[in-house]
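> Following my numbering, the numbering of the sequence shown begins with 18 at its first residue and continues without gaps. Where a beta carbon is used, it is the ideal one built from N, C-alpha and C, also for glycine.
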Amino acid sequence: MSKRTANAVEEFCSLSEYYTQKQHSHCQNMLAFLKETILFWYNILKDKLSSLLEESLKVVGWPLIATATKTPPPPSDPSLNMDAIFLQLLLLQLPDPLSVEVQKKTMTFLSQEFTFKPLLLPIQHLVDPLRKRFKFHFYGNKQTNNWEKPEWYFGQVLSWIRDHSSFLDDRIQTLLEIAGFYAVDAKVEFMRGLVVLVMEKMASDLPAVMEDEHLFCHLVDEAIFFDHELHQIYDYPAGLNSSMDILTVPKVFERWIEIEKKFAIEKMDALLSSSTAWESQYKNIADIDTLKVPECGESFITLMSTITDRYKYLPSPDHRLKFLSMQLELLEDFRIRLVQVMKEVTHDSLGDTFCAIINAVHYIIEVLREWCNTTFFVELQYHSATRPVEPSPESSTPDRKMPAVRGDGVFVADRSVFDDGIDLFEKLKVEMEKNILKHAFLDVQARSQPYRKMKWRDLDDPSADLSLSTPACDMLMVLRDHLMTMNRKLSKPLFVKLWRKLAEKMSKFMLEEVVLQNRFSEGGAKQLEFDMTRNLFPLFGEYTTKPQNYFRQINEACVLLCLRVGSALLLRDVLMSDDSVPEKEQALQDLGVYKLAPQVALNVLNSRTNLSVT
Numbered sequence: 018m019s020k021r022t023a024n025a026v027e028e029f030c031s032l033s034e035y036y037t038q039k040q041h042s043h044c045q046n047m048l049a050f051l052k053e054t055i056l057f058w059y060n061i062l063k064d065k066l067s068s069l070l071e072e073s074l075k076v077v078g079w080p081l082i083a084t085a086t087k088t089p090p091p092p093s094d095p096s097l098n099m100d101a102i103f104l105q106l107l108l109l110q111l112p113d114p115l116s117v118e119v120q121k122k123t124m125t126f127l128s129q130e131f132t133f134k135p136l137l138l139p140i141q142h143l144v145d146p147l148r149k150r151f152k153f154h155f156y157g158n159k160q161t162n163n164w165e166k167p168e169w170y171f172g173q174v175l176s177w178i179r180d181h182s183s184f185l186d187d188r189i190q191t192l193l194e195i196a197g198f199y200a201v202d203a204k205v206e207f208m209r210g211l212v213v214l215v216m217e218k219m220a221s222d223l224p225a226v227m228e229d230e231h232l233f234c235h236l237v238d239e240a241i242f243f244d245h246e247l248h249q250i251y252d253y254p255a256g257l258n259s260s261m262d263i264l265t266v267p268k269v270f271e272r273w274i275e276i277e278k279k280f281a282i283e284k285m286d287a288l289l290s291s292s293t294a295w296e297s298q299y300k301n302i303a304d305i306d307t308l309k310v311p312e313c314g315e316s317f318i319t320l321m322s323t324i325t326d327r328y329k330y331l332p333s334p335d336h337r338l339k340f341l342s343m344q345l346e347l348l349e350d351f352r353i354r355l356v357q358v359m360k361e362v363t364h365d366s367l368g369d370t371f372c373a374i375i376n377a378v379h380y381i382i383e384v385l386r387e388w389c390n391t392t393f394f395v396e397l398q399y400h401s402a403t404r405p406v407e408p409s410p411e412s413s414t415p416d417r418k419m420p421a422v423r424g425d426g427v428f429v430a431d432r433s434v435f436d437d438g439i440d441l442f443e444k445l446k447v448e449m450e451k452n453i454l455k456h457a458f459l460d461v462q463a464r465s466q467p468y469r470k471m472k473w474r475d476l477d478d479p480s481a482d483l484s485l486s487t488p489a490c491d492m493l494m495v496l497r498d499h500l501m502t503m504n505r506k507l508s509k510p511l512f513v514k515l516w517r518k519l520a521e522k523m524s525k526f527m528l529e530e531v532v533l534q535n536r537f538s539e540g541g542a543k544q545l546e547f548d549m550t551r552n553l554f555p556l557f558g559e560y561t562t563k564p565q566n567y568f569r570q571i572n573e574a575c576v577l578l579c580l581r582v583g584s585a586l587l588l589r590d591v592l593m594s595d596d597s598v599p600e601k602e603q604a605l606q607d608l609g610v611y612k613l614a615p616q617v618a619l620n621v622l623n624s625r626t627n628l629s630v631t
């Protein structure tokens with residue numbers, strides 16, 4: 018580069034600075050002359066330096082297409098010294114008012130829709146050769162211009178970024194810092210230029226591509242992947258123009274939401290109608306199948322996760338909230354479908370399908386609770402709660418599908434975007450738990466009549482070893498079978514919860530329907546204690562080391578029934594006295610009775626036949 022050119026750039030910079038200083042001058046003729054002169058010399062110098070830079074870039078082998086390409090040493094001809102020309106182009110900057118004016122004159126259809134910060138002149142020249150290649154391959158009648166293969170141009174841009182990263186970081190970044198552009202990242206500027214190519218291509222193709230659902234979905238998938246690679250692999254800063262900007266243009270975004278929902282509903286139809294919908298994928302691997310989630314439940318969560326992954330990087334919270342609203346609709350749709358299937362099989366509450374449904378419901382609740390605590394959904398809850406509540410076009414009331422919107426616009430930290438959905442699934446789970454418990458308990462209760470009607474007062478004190486009462490066999494066998502079925506078909510957390518509730522119901526039932534409805538001799542009391550502690554409680558011993566802890570009522574009743582006569586009489590006197598309730602409770606606790614109320618304990622003692630006062 019000649020010294021005269023360098024001097025001309027220096028004089029241009031001085032003239033531009035003078036123009037900036039005189040912006041508030043009333044000498045309009047002078048300002049007009051300065052403006053005309055600056056633009057005149059700007060175009061001359063830009064063309065001259067651009068031509069020199071293009072020649073020097075060819076010498077260094079730009080663009081660098083292979084990652085193994087090494088930057089050659091600077092050429093011997095000073096006029097082709099890329100570094101010097103690059104630095105001069107960096108200095109060739111129009112004053113801000115003129116820069117804006119020039120930019121308006123060169124606006125494209127894309128820049129009318131979005132705000133683009135102009136690239137530095139030398140960076141623009143680095144992008145230009147690639148722009149020409151991009152236009153050549155991905156426009157017109159070329160085979161590479163294929164709507165079915167958007168990954169070709171997305172992948173090409175990513176390859177260019179990869180191939181040129183080292184050169185940009187090592188050489189161009191150094192030149193920017195020499196020129197004082199410390200806040201400018203060479204690679205980011207280069208990527209901004211390439212991203213514009215992608216955005217222009219997407220905007221050009223979308224009017225036609227949106228007519229075909231599958232082509233459009235494929236383009237969306239590839240655009241999301243491109244955006245993810247750009248940010249995660251190449252550290253493209255958030256907030257800059259990206260392919261997501263094109264996908265969130267109102268007309269495009271509405272089409273995206275529409276197709277996303279349609280495909281999701283079709284997917285739900287398919288997974289619920291599958292012949293293996295209610296089977297666990299891991300049913301033959303006991304170690305990892307503790308939740309026993311049916312295929313349809315797991316597939317639905319996968320579907321929801323996939324949708325989240327597709328929209329989580331959208332720049333605008335409002336766009337993310339619209340996707341979330343769609344997810345909440347899908348969640349409710351799936352719940353309604355589960356309810357419909359559940360009602361068809363309610364008569365068989367321990368059948369395979371019924372148990373699979375409650376396992377799916379439990380799994381969905383647990384996953385939603387985990388999601389509630391993730392940063393992504395907490396942020397969405399905040400944006401949802403603090404944004405203005407706008408009525409929908411169809412009515413004057415706010416859109417009730419949007420999650421956790423408070424009338425006062427206040428963020429409630431203990432609420433989440435999935436709370437309403439969790440509540441509805443929780444109600445369904447509770448209803449199904451009640452059905453299972455009712456089914457199992459009523460079956461046991463139906464077999465209990467012979468045991469309840471035993472002549473307990475007529476049983477003698479056994480001299481031989483005790484054995485299980487014959488009338489209890491059928492009842493306990495049915496109970497055992499139901500426990501085994503529940504353990505086999507229900508997820509572990511559900512089974513643990515239900516067997517504990519069943520144990521409590523059995524304990525209460527034995528107290529109220531056996532102990533308090535009969536009279537017991539000493540032999541009858543010992544027989545009952547043996548039936549309970551050596552036969553009923555051990556049925557639950559497979560699932561806990563201390564099953565007696567879940568039969569507190571009947572266990573304590575047996576303690577009172579088998580208490581020595583003298584101690585029992587003294588205790589009865591205390592319970593019948595005018596002592597305060599705490600004193601009576603203390604007397605019971607001294608004997609290990611904590612669960613039974615004093616009046617109930619007295620009734621148990623009164624059921625003994627050997628406590629007549631002499």
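#1: Do we get a CB-CB distance below 8 Å when we pair ASN572 with the residues of chain C?
#2: Among residues of its own chain, excluding the 5 on either side of CYS579, which ones have a beta-carbon nearer than 6 Å to its beta-carbon?
#3: Kindly give me the distance between the Cβ atoms of LEU143 and PHE207, rounded to whole angstroms, as I take these residues to be in contact under 8 Å.
#4: My understanding is that LEU553 touches GLU450, with C-beta atoms under 8 Å, so please give their C-beta distance in whole angstroms.
#5: On a Cα-Cα basis, can you pick out the residue from LYS446, THR132 and VAL174 that is closest to LYS152?
#6: For GLU602 and VAL434, I'd like the C-alpha separation in whole angstroms.
#7: Residues in its own chain within less than 6 Å of CYS372 by CB, not counting five upstream and five downstream?
#8: Going by DSSP in three states, PHE537 sits in which element: helix, strand or coil?
#9: Have a look at PHE233 and LEU74 and give me their C-alpha separation to the nearest angstrom.
#10: Given this structure, state the Cα-to-Cα distance separating ASP460 from HIS336, to the nearest angstrom.
#11: Should GLU228 go down as buried or exposed, given a rule of 16 or more other Cβ atoms within 10 Å for buried?
#12: Output yes or no for whether 8 Å exceeds the beta carbon distance between ILE263 and MET219.
#13: On the criterion of 16 or more Cβ atoms from any shown chain inside 10 Å, does ASN60 qualify as buried, or is it exposed?
#14: Looking only at C-alpha atoms, which of MET527, GLN105, LEU223 and ASP498 sits nearest to LEU70?
#15: By how many angstroms is the C-alpha of HIS181 removed from the C-alpha of SER33?
#16: Can you grab the Cα-Cα spacing for the pair GLN357 / TYR170, in whole Å?
#17: Whole angstroms is fine: what's the gap from THR626's alpha carbon to ASP475's?
#18: Could you have a look at PRO638 and say whether DSSP puts it in helix, strand or coil?
#19: For the alpha helix (DSSP H) that contains GLU295, what are its first and last residues?
#20: For ARG327, name the three-state secondary structure that DSSP assigns.
#21: Quick one: residues in its chain with C-beta nearer than 8 Å to the C-beta of MET285, no 5 flanking neighbours on either side, listed in chain order?
#22: Alpha carbon to alpha carbon, how far is LYS63 from MET99? Give it in angstroms, no decimals.
#23: Whole-angstrom Cβ separation of TRP79 and PRO146, contact assumed at under 8 Å?
#24: Once DSSP output is grouped into helix, strand and coil, what is the label at ARG625?
#25: Nearest to TYR156 by CA position, among ASP222, LEU533 and ASN623, is which residue?
#26: Quick one: give me the first and last residue of the alpha helix (DSSP H) that ARG352 is part of.
#27: Could you pull the start and end residues of the alpha helix (DSSP H) that GLU72 belongs to?
#28: Please report the straight-line C-alpha distance between GLU443 and ASP607, rounded to a whole angstrom.
#29: Here's a check: name, in chain order, each residue in its chain whose Cβ is nearer than 6 Å to the Cβ of LEU185, leaving out the five neighbours to either side.
#30: Is the number of C-beta pairs between the segment 239-258 and the segment 273-291 that are closer than 8 Å three or more?
#31: Mark ALA377 as exposed unless 16 or more other C-beta atoms lie within 10 angstroms of its C-beta, in which case mark it buried.
#32: In this structure, how does DSSP classify GLY583 when only helix, strand and coil are distinguished?
#33: Under a three-way DSSP split, which group does ARG188 fall into?
#34: Should the segment 557-573 be regarded as contacting the segment 513-530, the criterion being three or more beta carbon pairs within less than 8 Å?
#35: Output needed for LEU483: all residues of its chain with C-beta closer than 6 Å, excluding positions within five of it in sequence on either side, in chain order.
#36: By a C-beta neighbour count over all protein chains shown, 10 Å radius and 16 as the cutoff for buried, is GLN344 buried or exposed?
Well, looking at it:
#1: The question asks about chain C, but that chain is absent: this structure has only one protein chain.
#2: ALA542 and GLU546
#3: 6 Å
#4: Contact flag wrong, Cβ pair sits at about 22 Å.
#5: VAL174
#6: 47 Å
#7: LYS506 and LEU507
#8: strand
#9: 38 Å
#10: 53 Å
#11: exposed
#12: yes
#13: exposed
#14: GLN105
#15: 33 Å
#16: 47 Å
#17: 10 Å
#18: Only positions 18 to 631 of the chain appear in the structure, and residue 638 is not among them; the question remains open.
#19: The sequence given here has Trp at residue 295, not Glu. No alpha helix (DSSP H) holds TRP295; DSSP gives it neither H nor E.
#20: helix
#21: PHE317, LEU320, LEU347, ASP350, PHE351 and ARG354
#22: 15 Å
#23: 7 Å
#24: strand
#25: ASP222
#26: 334-361
#27: 45-76
#28: 41 Å
#29: ALA203, LYS204 and PHE207
#30: no
#31: buried
#32: helix
#33: helix
#34: yes
#35: PHE547
#36: buried
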